[in-house]
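Below is one structure, written out as structure tokens; the observations come after it.
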Amino acid sequence: MDLHAHTNLSDGVLTPRALVAAAAGAGVDVLAVTDHDTTAGVPEALDAAAEVGLRVIPGMEISAHHGERDLHLLAFFDRSALERLDGWQEARRRSRRARLEEILTRLDALGAPVDREAVFGGLGPRQSAGRPHVARALVAAGHVPDFPAAFDRFLAKGQPAYVADRGPTAAEAIALVHDLGGLAVVAHPRYDDLDAVLEELAALGLDGIEAYHASHEPAEAAHFDRRARGLGLLVTGGSDYHGGSPDDPTGGAARLGDVALPPEDWARFDAALASRGGP
Ligand code: AMP
Ligand code: ZN
Ligand code: FE
Ligand code: FE
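Numbering (the numbering used here), first residue to last: 23 to 301.
Set out below in structure tokens:
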């Protein structure tokens with residue numbers, strides 16, 4: 023199983039149909055489709071999954087913040103929740119594009135101008151825009167040698183073209199997910215340095231921790247698995263696959279289905295999802 027993967031409805035490379043085919047080819051039996059702030063790819067993934075006998079869990083990776091910290095919350099839903107998310111997603115789509123406009127204005131001032139068309143021209147109407155789309159344009163324009171350099175020089179937090187994403191607070195995001203009958207799981211906690219705030223997130227109603235992630239070493243995964251147990255939280259695992267390209271937090275190391283989530287953790291998660299069962 024693999025509970026974290028992206029399609030080209032956000033910053034992944036593959037269409038939802040192609041992602042499902044790749045997952046089936048890799049022997050994955052259960053796949054959560056978790057694009058950034060959108061479930062727009064889920065219906066196509068569900069259709070494709072029915073054809074190849076794979077189970078798709080509708081999901082989304084919400085960009086949120088908690089105090090000074092940015093964090094990503096994986097939301098897992100029953101498909102009946104999807105239509106109730108339309109308004110929220112439309113607002114987030116607009117806000118994400120406005121943020122990219124601000125980033126492009128900064129890049130102009132920094133002497134690394136990027137043609138708006140190169141960023142926005144390739145985006146579909148329902149696609150969730152993100153910094154990776156700017157990073158690819160920076161590479162194409164020759165301002166940086168490769169994708170990681172775009173983050174290191176310009177786009178990462180603390181770099182000169184960084185603009186904060188004014189998404190929901192963690193408390194708001196968790197409440198939204200619960201209102202829709204879903205489960206809220208904090209993604210890649212080491213990558214976002216969240217160990218010190220897991221108690222606070224648990225107090226807000228967090229359901230689980232993604233202890234197993236392509237960017238976590240085995241010892242880190244074991245650490246977060248223990249933390250989850252100590253807090254009475256679920257444990258999940260995902261590859262964070264973006265299409266096998268070098269442009270993801272794992273540098274393209276993520277392999278679909280390459281997740282060491284223990285079977286008992288998966289069983290607890292699956293039972294919890296079934297017992298929520300939608301709005
Ligand atoms: P955004 O949604 O605009 O905040 O962009 C977040 C996405 O950018 C992440 O999901 C990754 O795919 C990618 N990303 C963020 N930081 C880095 C980094 N330092 N190096 C490479 N990719 C990154
Ligand atoms: Zn991403
Ligand atoms: Fe993430
Ligand atoms: Fe992700």
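Glycine included, every Cβ here is placed at the ideal spot set by N, Cα and C.
8 angstroms contact criterion, which residue i and residue j should meet: CB distance rounded
i: L104; j: T61; result: 5 angstroms
i: D214; j: R91; result: 7 angstroms
i: A44; j: T191; result: In fact, because the Cβ distance is near 35 angstroms, the residues do not count as touching under 8 angstroms.
i: H210; j: H58; result: In fact, because the Cβ distance is near 13 angstroms, the residues do not count as touching under 8 angstroms.
i: L202; j: R106; result: 6 angstroms
i: L68; j: R101; result: 7 angstroms
i: A183; j: I125; result: 5 angstroms
i: A276; j: A236; result: 4 angstroms
Residue j beta carbon less than 8 angstroms from that of residue i
i: M82; j: V281; result: no
i: H28; j: T56; result: yes
i: L223; j: V207; result: no
i: V185; j: R128; result: yes
i: L96; j: H155; result: no
i: A294; j: L205; result: yes
i: A54; j: I84; result: no
i: P170; j: G34; result: no
Identity of the residue in the options nearest residue i by Cα
i: W288; options: G252, G266, Y234 and S150; result: Y234
i: G302; options: G259, T191, A241 and S297; result: Outside the shown range of the chain (23 to 301) lies residue 302, about which nothing can therefore be said.
i: A140; options: A157, H26 and G75; result: A157
i: A241; options: R212, P268, H264 and L256; result: R212
i: E232; options: L216, A225 and L226; result: L216
i: D247; options: Q111, P268 and L220; result: L220
i: D108; options: A244, G63 and R175; result: G63
Proximity test, residue i beta-carbon vs ligand 5 heavy atom, cut-off 7 angstroms
i: E123; result: Ligands displayed in this structure: ligand 1, ligand 2, ligand 3 and ligand 4; ligand 5 is not among them.
* If you pair each beta-carbon of the region 276-294 with each one of the region 160-173, do three or more pairs fall below 8 angstroms? -> Touching, no.
* Could you pull out every unbroken alpha helix (DSSP H) segment of at least 4 residues lying fully inside the region 207-273, listed in chain order? => Assignment of alpha helix (DSSP H) within the region 207-273, counting only whole runs of 4 or more residues, yields 220-225 and 240-253 in chain order.
* Give, in chain order, every unbroken run of the beta strand (DSSP E) that is at least 3 residues long and sits entirely within the region 54-78. => You should have found no qualifying run.
* Could you tell me whether the region 103-121 touches the region 137-156, using the rule of 3 or more Cβ pairs below 8 angstroms? => Enough Cβ pairs lie closer than 8 angstroms, so yes.
* For the region 120-207, which segments carrying the alpha helix (DSSP H) assignment without a break, of at least 4 residues, lie completely within its bounds, in sequence order? -> Correct list: 138-142, 153-162, 169-172 and 192-201.
* To do: Please go through the region 75-106 and give each complete beta strand (DSSP E) segment of 3 or more residues, from N-terminal end onward.
  => Listed in chain order, the complete beta strand (DSSP E) runs (minimum 3 residues) inside the region 75-106 are 77-88 and 91-98.
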